[in-house]
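Residue numbers (our numbering): 581 to 858. By construction, the Cβ of each residue, glycine as well, lies at the ideal position given by its N, Cα and C atoms. These figures come from a predicted structure and were not determined experimentally. Report on the following structure.
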């Protein structure tokens, strides 16, 4: 499995997805190796963690003139490391996540004659509302090439199935929708300290909780807008948004503005300010 994100290098949800899915594969008896990049503070270049073999390559071994060049450089390193691994352990399947490891996955598919699987978590066109410049076009092109070369393409929602099919012209029978799972045992293990609920609501009030990165793709602004509508029907509600991301200040501003426009929405604004841990 090739992924540019893997603990401790985490940018968004992709790294968490790979972290958990590889551990569950191991529990199901599938020998699994993750190929990722090493950043300052990363563990050794080779280790076994949770039964998963992890190998890391140096993404700064070669000079890069920009983001695209940097990605292609560490893909070259991944190809060489995967070939060394193949001499020790003949793996059966290559799995890449998004375009960032697509170049390495495509090369290994042809060099080793092994099937390639790709999981597309998001598209460049979807993130940017279209393809508007040269860098975005290059990323879009690598996405298309990765989905074209893959035997099967996995997406995590029906929405993404539709988006990938339209943006990259994939036939529906090549796409597989596997929704992200939830580790219920982890949720059950969280101990809520006494009085925690009282920080955010009265005993008679109901709390609506949103948990996720505060980015456009997650739709936290839609949650806030929906909450505004709910308050027209039931004042006995509080909204708690837990997460962090580039939309944080915008959401706090939006909640604050609505608090001045309609009494009751201020609860959302004040709670968001108090929940600084996000």
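Flag this pair as yes or no: are the beta carbons of residue i and residue j separated by less than 8 Å?
{"i": "residue 586", "j": "residue 634", "result": "yes"}
{"i": "residue 726", "j": "residue 750", "result": "no"}
{"i": "residue 661", "j": "residue 615", "result": "yes"}
{"i": "residue 696", "j": "residue 676", "result": "yes"}
{"i": "residue 651", "j": "residue 705", "result": "no"}
{"i": "residue 831", "j": "residue 821", "result": "yes"}
{"i": "residue 817", "j": "residue 770", "result": "no"}
{"i": "residue 700", "j": "residue 757", "result": "no"}
{"i": "residue 631", "j": "residue 603", "result": "yes"}
{"i": "residue 764", "j": "residue 755", "result": "no"}
{"i": "residue 639", "j": "residue 617", "result": "yes"}
{"i": "residue 694", "j": "residue 673", "result": "yes"}
{"i": "residue 718", "j": "residue 762", "result": "no"}
{"i": "residue 793", "j": "residue 823", "result": "yes"}
{"i": "residue 658", "j": "residue 613", "result": "no"}
{"i": "residue 671", "j": "residue 653", "result": "no"}
Under the criterion of a Cβ to heavy atom distance below 7 Å, does residue i qualify as lining the ligand COA?
{"i": "residue 615", "result": "Because no ligand of any kind appears in the structure shown, any question about the ligand COA cannot be addressed here."}
Since I believe residue j is in contact with residue i (beta carbons under 8 Å), could you give me their beta-carbon distance rounded to a whole number of angstroms?
{"i": "residue 684", "j": "residue 713", "result": "Not really, about 25 Å apart at Cβ, beyond 8 Å."}
{"i": "residue 733", "j": "residue 687", "result": "Incorrect: roughly 18 Å between the Cβ atoms, too far for contact."}
{"i": "residue 598", "j": "residue 583", "result": "4 Å"}
{"i": "residue 679", "j": "residue 723", "result": "4 Å"}
{"i": "residue 803", "j": "residue 790", "result": "5 Å"}
{"i": "residue 625", "j": "residue 636", "result": "5 Å"}
{"i": "residue 827", "j": "residue 783", "result": "About 31 Å separates the two Cβ atoms, so there is no contact after all."}
Quick one: give me the first and last residue of the beta strand (DSSP E) that residue i is part of.
{"i": "residue 658", "result": "From DSSP, residue 658 is part of no beta strand (DSSP E) but of the alpha helix (DSSP H) over 647-668."}
{"i": "residue 698", "result": "696-699"}
{"i": "residue 633", "result": "632-637"}
{"i": "residue 734", "result": "732-735"}
{"i": "residue 772", "result": "Element bounds for residue 772: n/a, residue is neither H nor E."}
List the endpoints of the continuous alpha helix (DSSP H) containing residue i.
{"i": "residue 808", "result": "800-810"}
{"i": "residue 686", "result": "682-692"}
{"i": "residue 715", "result": "714-729"}
{"i": "residue 860", "result": "As shown, the chain starts at 581 and ends at 858. That puts residue 860 outside it, with no answer to give."}
{"i": "residue 764", "result": "764-769"}
Would you identify the three-state DSSP class for residue i, choosing helix, strand or coil?
{"i": "residue 820", "result": "strand"}
{"i": "residue 641", "result": "coil"}
{"i": "residue 782", "result": "coil"}
{"i": "residue 711", "result": "coil"}
{"i": "residue 556", "result": "There is no way to answer for residue 556, as the model of the chain reaches only from 581 to 858."}
{"i": "residue 594", "result": "helix"}
{"i": "residue 752", "result": "helix"}
{"i": "residue 612", "result": "coil"}
{"i": "residue 845", "result": "Low local confidence applies: a pLDDT of 40 at residue 845 is under 50, so the model's placement there is unreliable, and no value is given."}
{"i": "residue 856", "result": "No answer about residue 856 holds up, because its pLDDT of 32 lies below 50 and its placement is not dependable."}
{"i": "residue 795", "result": "coil"}
{"i": "residue 787", "result": "strand"}
{"i": "residue 606", "result": "helix"}
{"i": "residue 601", "result": "helix"}
{"i": "residue 589", "result": "strand"}
{"i": "residue 838", "result": "helix"}
{"i": "residue 706", "result": "helix"}
Who does residue i pair with in a DSSP beta bridge?
{"i": "residue 676", "result": "582 and 698"}
{"i": "residue 617", "result": "637"}
{"i": "residue 757", "result": "735"}
{"i": "residue 626", "result": "635"}
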